[in-house]
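Chains as they are written, first to last, in the UniProt record's numbering: chain A, 1 to 451; chain B, 1 to 451.
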């Protein structure tokens, strides 16, 4: 497939067509494009131009465009649309997407928009979904699904399903419920294609069905769906009544966002920022971590300051500070990243003590190798005294082992206390290992060189 | 759903049952579990126990278990199975999963295993798929799909589909081809449920269909499928003939691995390692990056060594080295991470010069804030001379701006040259910014303090 590529010429052409109100040409041009591509185009236009396109193009297409827009852009565009116009867009969407948009509106606008949704069933479903926290299964699910009663026969099934399928964008599974709407199992589409129409549902359905509760977290849902390779999963309430279904495309976003969040935390960026955000938002996301690093640096400064006497006797010790610091930081980040990722994938098991022992051994191997090289360089290149080289080598090994153990221990501890271990990566772990590393260095120097 | 939780008791019980060869009880116990859960259990057992389970349980289930195992575990288990036994497992799998397993075998075992696959069509498909690089659409696709000829009517369609569907685990889309097997469009299952059986395919099919070429990269496929929310995509050859289809569950793995790889690179870990890998593998993944950091540290050492005279005149300058270094490293990682993530999501556009200007401004804001605090601390807490505090402040601003610009520039440059920009994050960018930061610091000190 030749992927759609946004070009400056295309954007200019669209801006020109908007300015000249060439609606017919504009409609033709855009109608060939996928909604995800139109969303990309709108990201390049200003708000008025975006609103112009949303108003011009059929709501059947623009409703999907709205769901694809970044939050900021969507907010700006929705501000410029009337409640009636927003309702017209929302009517075209599945309930989960509709709720995503409505939930971003101010409280009074919500009510106004919902009052314009004429289909009472659709409005009811949306209001229902507004109750759930967006980070739970309830917040991810849609009300559109195909379900059949266990007491029906296949003929009645197919008839009812044709009816229901008209409201469902993609049919994944056919869920089987009893008279109280309690989830009993599922029928696969394949079975339906290959079974005689005279069979009864209760004789052919598969009773083994994975499901989640409305209150399960989005991460749990993502974990279950990706572990068991599910493309859709039914959602039940506390009475096991079928209340919705979640599809894999919604979960792909959760998985990606989860991974990106960990990555950003490791790199010292809070909030979900993107390269194209404005400078103020980027500063807000980045400055706090730099300040942590700054306080670490100032802490290190006062440690070195406290050893001023040493500086006079063994000035050569000071040239190895960057080496000690960089090594401590690097090891800490490595150890914590591996644990954080393991925790995210649920692949960490076994005892804490065994894991710490392993990191200890790893630290000894890595530390020994690096200390060996450094002792040679220190002796031959920097002509350092014998005892100074020994000091640097022992300090390196100690610092590496220490950083490895801390980098492993802290994320596991945080995880056990229910805190996201990813906050313990990046600048946080680097800074504490920096300061601790320098402290260890001077302490060992004091012991060996005895000043 | 109450998620399956592996416990020490369960593992012990299973080990006991294996030792006592209690096959009946073992089968009952495991038959209730999902294949992904059995794979988790096998990860806790030794190779012989794993082989015992694979041999004991029906191939219909264990074949899926094999696909879920980590590469190392699978390799060990396959070594202990005969070619015939492997073939029996593979027969149960879809072609894409079958190829994933066969492609890991040594060349002569491959031939032997394939010779045991009695279904010639299945064997042909597998051999076909072995041709493709695993990081391409061809390497991801399966041969199992449902396709109909544009010249059929719906009745013939349904009849043929029932036949085809028996070989396909999940029916996503029905692809429409012409007499030469060239992809023409698709039929949705929903259409099929709601259309009269007398219609002709060519009158009801949707000609707009997304597809990828066999040679497209796995990342391209992942990008297209997640951008356009596709659950399956057909794969065509150079003549646009339909040769396979890729489902979203395979792509979810690609997306996750992509994100994890970037994260690991940023944290200074090469290869795809996990916390549970052995020490040797972990050392191999971590030591190279620590060595880069070490050479950086030694570089910094010789820079400081070169300014020995200064050390004597202004020893207080030395206590700020960790601060300069940590700040340079943190800023560099932040800037590069934001760009790398933007590049991975295809959300980076606009001119390079504008982006560098933005980072320059960001650096000024962050640098100004930090320098302001540090100048106060340096003056009041460390009682540094006026000119020394000024030196540290100016150096901090310069170092931050420099690190921000370099952190932005290098990933973009690498990306333009077709190199994965993620390699430029983590220890690599930290180390170069460390060294450069210290160089800038001493250079500015020299200019201001004039030694």
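All C-beta atoms in this analysis are idealised placements derived from N, C-alpha and C, irrespective of residue type, glycine included.
| Item | Value |
| --- | --- |
| Under 9 Å between C-beta atoms of residue 274/A and residue 338/B | yes |
| Inter-stretch contact (C-beta, 8 Å, three-pair minimum) for the region 430–437 of chain A and the region 293–302 of chain A | yes |
| Inter-residue Cα distance where the pair is residue 318/A and residue 302/B | 11 Å |
| Within-9 Å CB hit, residue 375/B to chain A | no |
| Per-residue contacts from residue 226/B into chain A (C-beta, under 9 Å) | 249, 252, 253 and 256 |
| Under 7 Å from the C-beta of residue 358/B: neighbouring residues of chain A | 279 |
| Residue 340/A versus residue 435/A: straight-line alpha-carbon distance, rounded | 22 Å |
| Residue ranges of each alpha helix (DSSP H) within the region 68–120 of chain B, 4 or longer | 71–79, 83–91, 95–102 and 107–115 |
| DSSP state of residue 123/B mapped onto helix, strand, coil | helix |
| Proximity winner among 377/B, 343/B, 105/B and 386/B, relative to residue 413/B (alpha-carbon distances) | 343/B |
| For residue 211/B, the nearest candidate out of 205/B, 235/B, 31/B and 226/B (CA to CA) | 235/B |
| Expected contact under 8 Å - CB spacing of residue 359/B and residue 408/B to nearest Å | 5 Å |
| Whether residue 249/B touches residue 229/A by CB criterion (9 Å) | yes |
| Neighbour flag for residue 395/A against chain B, beta carbons, 9 Å | no |
| Run of the alpha helix (DSSP H) containing residue 139/A, from where it starts to where it stops | 137–140 |
| Residue 297/B: contacting residues in chain A (beta-carbon distance under 7 Å) | 322, 323, 326 and 327 |
| Touching by the beta-carbon criterion (3+ pairs, under 8 Å), the region 276–296 of chain B and the region 370–387 of chain A | yes |
| Cβ neighbours of residue 416/B in the same chain (closer than 7 Å, five flanking residues each side left out) | none |
| is_contact[residue 175/A, chain B] using C-beta, thresh 9 Å | no |
| Cβ pair residue 304/B, residue 321/B closer than 9 Å | yes |
| Enclosing alpha helix (DSSP H) for residue 184/B [first to last residue] | Premise fails: residue 184/B lies in the beta strand (DSSP E), 183–187, not in any alpha helix (DSSP H). |
| In DSSP terms, what residue 242/A is bridged to | 236/A |
| Status (buried if at least 16 other CB within 10 Å, exposed otherwise) for residue 151/B | exposed |
| Contact list for residue 339/A against chain B, beta-carbon separation under 9 Å | 275 |
| Alpha carbon of residue 76/A to alpha carbon of residue 181/B, nearest angstrom | 47 Å |
| Given 8 Å, three or more beta-carbon pairs between the region 129–148 of chain A and the region 95–103 of chain A | yes |
| Minimum C-alpha distance to residue 333/B - residue among 252/B, 307/B, 405/B and 397/B | 405/B |
| Reduced DSSP secondary structure (H/G/I, E/B, other) of residue 132/B | coil |
| 8 Å contact criterion, which residue 109/A and residue 83/A should meet: CB distance rounded | 6 Å |
| Status (buried if at least 16 other CB within 10 Å, exposed otherwise) for residue 313/A | exposed |
| 7 Å CB neighbourhood of residue 62/B in its chain, flanking five on each side removed | 54 and 89 |
| Cβ neighbours of residue 105/A in the same chain (closer than 7 Å, five flanking residues each side left out) | 78 and 113 |
| Beta-carbon spacing of residue 245/A, residue 175/A below 9 Å | yes |
| Residue 263/A: first and last residue of the uninterrupted alpha helix (DSSP H) it sits in | 248–266 |
| Residues sharing a beta bridge with residue 217/A, DSSP | 136/A |
| Beta-carbon proximity check, residue 166/A vs residue 426/A, cutoff 9 Å | no |
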